[in-house]
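For reference, the structure is listed below as structure tokens.
2 protein chains.
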Amino acid sequence: MPTMSAAEKRTQAKMDYDAFLAECPSRQLLDRISDKWVTLVLAALGGDGPHPGGDCTGEPRSMRYSELARRLAGVSQKMLTQTLRSLERDGMLTRTVTPTVPVTVTYELTDLGLSLHGVMAGFKAWAEGHMDEVRANRGAYDARAE
Amino acid sequence: MPTMSAAEKRTQAKMDYDAFLAECPSRQLLDRISDKWVTLVLAALGGDGPHPGGDCTGEPRSMRYSELARRLAGVSQKMLTQTLRSLERDGMLTRTVTPTVPVTVTYELTDLGLSLHGVMAGFKAWAEGHMDEVRANRGAYDARAE
DNA sequence: GACACCTACTCTCCAATGGGAACTAGGCAC
DNA sequence: GTGCCTAGTTCCCATTGGAGAGTAGGTGTC
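Written out as structure tokens, the structure is:
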């Protein structure tokens with residue numbers, strides 16, 4: 005069969021991949037954390053400041069929709085809502101509506117969300133420890149390519 | 005000034021955010037790992053199998069372009085090349101061209117890439133330990149909303 | 001020499017994703 | 001009535017990513 009070449013092998017591989025994506029836990033987690041806003045919401049509710057030494061306590065706490073929008077500066081309302089809904093669905097956070105005068109909605113990490121946030125602290129630490137090195141590598145690479 | 009309302013406050017916030025994005029190490033790392041293919045390339049070269057108990061040794065090793073394409077089944081050639089280039093630029097991996105008959109290109113993690121891969125092991129472990137819980141939460145949420 | 005095939009890309013087109021801004025609901029204030 | 005508040009939702013458009021074909025440089029076959 006002369007036509008089962010690279011292209012077809014790739015198509016076959018993709019089908020295997022899709023089937024396996026549906027059941028592999030690390031791939032499912034990947035889909036969750038490979039989203040910039042998910043990570044930032046987790047960080048905000050987990051008490052991480054915008055940067056080390058920022059104006060944060062380091063304590064996880066509940067936040068209102070508008071407070072999150074301010075903290076995750078640059079997020080669109082659409083993506084913030086979408087992200088919060090998906091995290092609520094996964095049981096990472098709780099959404100509480102309080103019928104005050106303008107209605108108030110607060111979000112808070114659950115134990116599950118908190119435990120994921122704990123894992124993310126490792127990344128944060130790595131970033132702070134190695135970002136200078138990465139920046140130097142980028143500079144060197146760009147100078148070489150010029 | 006009656007016009008400095010929510011919309012303008014958001015615009016202002018976005019500018020602050022952009023300025024701060026440019027220098028904050030954890031946000032720069034976020035941009036790097038918040039990419040599905042980056043994570044998968046790191047995992048593949050780091051020796052993680054497609055899933056726990058898979059056909060992998062667990063030892064980091066170098067791989068050829070075509071081998072990576074097979075392992076990260078479902079990746080497009082465009083994204084694989086793009087991802088490898090960006091990781092090379094950041095000094096996470098090395099690209100080696102060997103002028104064999106059809107030319108051979110191998111990729112291998114550097115110490116830096118290896119250390120990031122080590123941090124990612126924490127995520128993998130978390131995923132494996134909590135994915136059932138997440139799946140149960142999703143089921144419950146969907147049943148409620150129905 | 002003409003044609004096929006190899007790897008590791010590169011290019012072109014198209015569908016899906018994410019962002020911006022305007023609009024909505026429900027209620028109080030003036 | 002008009003305006004403003006929060007927490008969204010809707011619509012439109014620019015950017016991103018995927019599919020698939022094309023390329024470079026070389027070997028093998030007839």
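Order-wise, the sequence lines are chains A and B. Under the numbering used here, residues 5 to 150 are what the first sequence spells out, in order. Under the numbering used here, residues 5 to 150 are what the second sequence spells out, in order. From the three backbone atoms N, C-alpha and C, an ideal C-beta is built for every residue, glycine too. Being a predicted model, the structure only gives us computed values, none of them experimental.
* Count the C-beta pairs between the segment 62 to 78 of chain B and the segment 103 to 118 of chain B that are closer than 8 Å, then say yes if the count reaches three, no if not. => yes
* Asked: If you draw a straight line from the C-alpha of Arg31 (chain A) to the C-alpha of Val42 (chain A), how long is it?
  -> 16 Å
* Comparing the C-beta of Leu33 (chain A) with each C-beta of chain B, is any distance below 7 Å? -> yes
* **Beta-carbon gap between Ala48 (chain A) and Arg74 (chain A) smaller than 7 Å** => no
* To do: Give me the Cα-Cα distance between Leu120 (chain A) and Val101 (chain B), rounded to the nearest whole angstrom.
  => 40 Å
* Asked: From this set, A:Ala77, A:Leu46, A:Met96 and A:Cys28, which residue's C-alpha is nearest Tyr145 (chain B)'s C-alpha?
  -> A:Met96
* Asked: With Ser38 (chain A) and Asp52 (chain B) assumed to form a contact (beta carbons below 8 Å), what rounded beta-carbon distance in angstroms separates them?
  -> Not quite, the Cβ-Cβ distance comes to about 16 Å (not below 8 Å), so this is no contact.
* With a cut-off of 7 Å, does the C-beta of Gly57 (chain B) fall near any C-beta of chain A? -> Since pLDDT at Gly57 (chain B) reaches only 45, below the 50 mark, its modelled position is unreliable, and no value is offered.
* Answer with buried or exposed for Asp136 (chain B), where buried requires no fewer than 16 other C-beta atoms within 10 angstroms of its C-beta. => exposed
* With distances taken between CB atoms, is the gap from Gly50 (chain A) to Gly126 (chain B) smaller than 7 Å? -> no
* Asked: Given Thr87 (chain B), which residues of its chain have a CB within under 6 Å of its CB, disregarding the five upstream and five downstream residues?
  -> Trp41, Val42 and Val45
* Asp94 (chain B) versus A:Leu34, A:His134 and A:Leu33, residue with shortest Cα-Cα distance -> A:His134
* Helix, strand or coil: which one does DSSP assign to Leu84 (chain A)? -> helix
* Distance, Gly143 (chain B) Cα to Trp130 (chain B) Cα -> 20 Å
* Asked: Around the Cβ of Arg148 (chain B), are there at least 16 other Cβ atoms within 10 angstroms (buried) or fewer (exposed)?
  -> exposed
* What residues in its chain sit with their C-beta under 8 Å from that of Thr108 (chain A), if we drop five residues either side in the sequence? -> Arg68, Val101 and Thr102
* Asked: Taking the Cβ atom as the reference point for each residue, do Glu132 (chain B) and Pro106 (chain A) lie within a distance shorter than 7 Å?
  -> no
* Outcome for Ala140 (chain A) when other beta-carbon atoms lying within 10 angstroms are tallied against a minimum of 16 -> exposed
* Coarse secondary structure for Leu97 (chain A), derived from DSSP in three states -> strand
* Does DSSP classify Leu76 (chain B) as helix, strand or coil? -> coil
* To do: Could you check if Gly78 (chain B) is buried or exposed, using at least 16 other CB atoms within 10 Å of its CB as the buried criterion?
  => buried
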